[in-house]
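Novice:
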Amino acid sequence: MSLLNPRAMGEHVSYGELDWRNEFLGARVRVALWLRDEVGEGGTFRKQEIRAVITGTEQVDRRMRDLRPAGWVIRTYRDKPSLQPDQLYLEKIGQPVWEREHRAAGLRQISAKTRRAVYERDGHMCRRCGITAGEEYTEGAQSRARLTLGHVTPYKHGGGVEAADLITECARCNETVQHLTGVQMSPEQVWDRMAALSGPNMKLLMSWIAVDRRHLGKAEEVWALYRQLPAEARDRLAGDLEDLLKR
Ligand SMILES: [Zn+2]
Numbered sequence: 007m008s009l010l011n012p013r014a015m016g017e018h019v020s021y022g023e024l025d026w027r028n029e030f031l032g033a034r035v036r037v038a039l040w041l042r043d044e045v046g047e048g049g050t051f052r053k054q055e056i057r058a059v060i061t062g063t064e065q066v067d068r069r070m071r072d073l074r075p076a077g078w079v080i081r082t083y084r085d086k087p088s089l090q091p092d093q094l095y096l097e098k099i100g101q102p103v104w105e106r107e108h109r110a111a112g113l114r115q116i117s118a119k120t121r122r123a124v125y126e127r128d129g130h131m132c133r134r135c136g137i138t139a140g141e142e143y144t145e146g147a148q149s150r151a152r153l154t155l156g157h158v159t160p161y162k163h164g165g166g167v168e169a170a171d172l173i174t175e176c177a178r179c180n181e182t183v184q185h186l187t188g189v190q191m192s193p194e195q196v197w198d199r200m201a202a203l204s205g206p207n208m209k210l211l212m213s214w215i216a217v218d219r220r221h222l223g224k225a226e227e228v229w230a231l232y233r234q235l236p237a238e239a240r241d242r243l244a245g246d247l248e249d250l251l252k253r
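Going by the working numbering, 43 is the number at position 37 of the sequence shown; the sequence numbering is gapless.
Have a look at this one:
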């Protein structure tokens with residue numbers, strides 16, 4: 007597709023028309039229509055092409071992510087080595103989110119009850135990096151972790167919104183996992199780090215891989231609970247623990 011597509015220039019589009027040029031449609035619907043009409047299944051495109059033609063798509067990653075639960079499959083160079091790093095591949099057009107009955111497809115809300123249950127189950131801790139709410143990231147000390155929910159299988163069609171489908175993540179891990187073209191390591195780079203682990207760490211990692219989750223150690227479990235307490239209570243317990251250790 008060319009950015010100099012003459013149809014993109016000043017063509018009149020009326021209200022309600024299912025055309026990506028229709029500014030009355032939401033960004034998600036417009037992106038979907040653009041992908042259908044200008045890229046097509048099996049076509050490649052670049053994010054900046056979307057940004058250039060659809061206003062309000064600064065968060066183009068997010069718009070594309072929103073299509074995934076509706077069955078749209080968009081691949082990056084990490085999935086398909088034949089692509090350029092900034093190229094994306096439209097593998098599958100999912101549900102027609104431009105049709106009224108499909109507009110909300112995949113955007114079902116997670117209930118407050120489910121949200122609480124997942125946080126509780128996961129010990130109020132990011133299951134990917136282990137950070138707890140409000141804790142500072144070790145690098146870049148000015149940013150504190152905010153917990154959010156991620157999908158266990160983010161790329162799969164129709165990821166559900168029940169507790170079993172969800173995982174507690176900090177906002178940073180959530181971004182890393184979900185971003186289509188965020189900075190992420192190649193399998194080779196990850197393997198280098200895996201292979202460099204000590205024997206016990208390698209076994210520990212293998213045990214997490216086997217059950218597809220990271221077990222919390224006893225100390226980590228208590229740490230997560232401790233972090234949920236108000237500052238005053240944390241100070242008191244810290245003092246008590248220090249005393250206990252001195253005995
Ligand atoms: Zn995290």
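Cβ coordinates follow ideal geometry from the N, Cα and C atoms, glycine included.
Which word fits Glu248, buried or exposed, when buried means at least 16 other C-beta atoms lie within 10 angstroms of its C-beta?
Specialist: When all chains shown are included, Glu248 counts as exposed.
Novice: Is the beta carbon of Ala230 less than 7 angstroms from the beta carbon of Met131?
Specialist: yes
Novice: Does the distance from the CB of Ala123 to the CB of Ala169 come in under 7 angstroms?
Specialist: yes
Novice: Does DSSP classify Ile173 as helix, strand or coil?
Specialist: strand
Novice: Please classify Trp78: is it buried, with 16 or more other beta-carbons within 10 angstroms of its beta-carbon, or exposed?
Specialist: buried
Novice: Using only CA atoms, which one of Ala139, Gly140, Glu107, Thr174 lies nearest to Arg127?
Specialist: Taking only the C-alpha atoms, the option nearest Arg127 is Thr174.
Novice: Where does the unbroken alpha helix (DSSP H) through Ile56 begin, and where does it stop?
Specialist: Unbroken alpha helix (DSSP H) run through Ile56: 53 to 59.
Novice: Mapping DSSP to helix, strand and coil, what is Thr50?
Specialist: strand
Novice: Closest to Ala38 by CA distance: which of Gly223, His108, Ser88, Ser213 is it?
Specialist: His108
Novice: Could you give the distance in angstroms between the alpha-carbon of Leu243 and the alpha-carbon of Lys119?
Specialist: 30 angstroms
Novice: Which residue marks the beginning of the alpha helix (DSSP H) containing Ile80, and which one marks its end?
Specialist: It is not in any alpha helix (DSSP H) - Ile80 instead sits in the beta strand (DSSP E) that spans 79 to 81.
Novice: Note down, in chain order, each residue of its chain lying with its Cβ closer than 8 angstroms to the Cβ of Lys252, except the 5 sequence neighbours on either side.
Specialist: none
Novice: Considering only heavy atoms of ligand 1, does any lie closer than 6 angstroms to the CB of Ile173?
Specialist: no
Novice: Given the structure, does Ile56 come close to ligand 1, in the sense that its CB is under 6 angstroms from one of the ligand's heavy atoms?
Specialist: no
Novice: Which whole-angstrom value is the C-beta distance of Arg106 and Arg69, which I expect to be below 8 angstroms?
Specialist: Contact doesn't hold; Cβ gap of about 19 angstroms is too wide.
Novice: With 16 as the cutoff for other CB atoms within 10 Å, does Ala76 come out buried or exposed?
Specialist: buried
Novice: Between which residues of its own chain and Leu24 is the CB-CB distance below 6 angstroms, once the five residues before and five after are set aside?
Specialist: Closer than 6 angstroms at Cβ, skipping near neighbours: Trp104.
Novice: What did DSSP end up calling Gly205 once you bin it into helix, strand or coil?
Specialist: helix
Novice: Could you give the first and the last residue of the continuous alpha helix (DSSP H) run that contains Glu227?
Specialist: 224 to 233
Novice: Going by CA-CA distance only, name the one from Leu96, Gly32, Glu141 that's closest to Gly48.
Specialist: Gly48 has its Cα closest to that of Leu96, out of Leu96, Gly32, Glu141.
Novice: How long is the line joining the alpha carbons of Ile137 and Arg150, rounded to whole angstroms?
Specialist: Answer to the nearest angstrom: the Cα atoms are 10 angstroms apart.
Novice: Is it the case that the Cβ atoms of Asp92 and Arg36 are separated by a distance below 7 angstroms?
Specialist: no
Novice: To the nearest angstrom, how far is it from the Cα of Ser192 to the Cα of Glu227?
Specialist: Straight-line spacing of the CA atoms in Ser192 and Glu227 works out to 31 angstroms.
Novice: Can you tell me where the beta strand (DSSP E) with Gly156 in it begins and where it stops?
Specialist: 153 to 157
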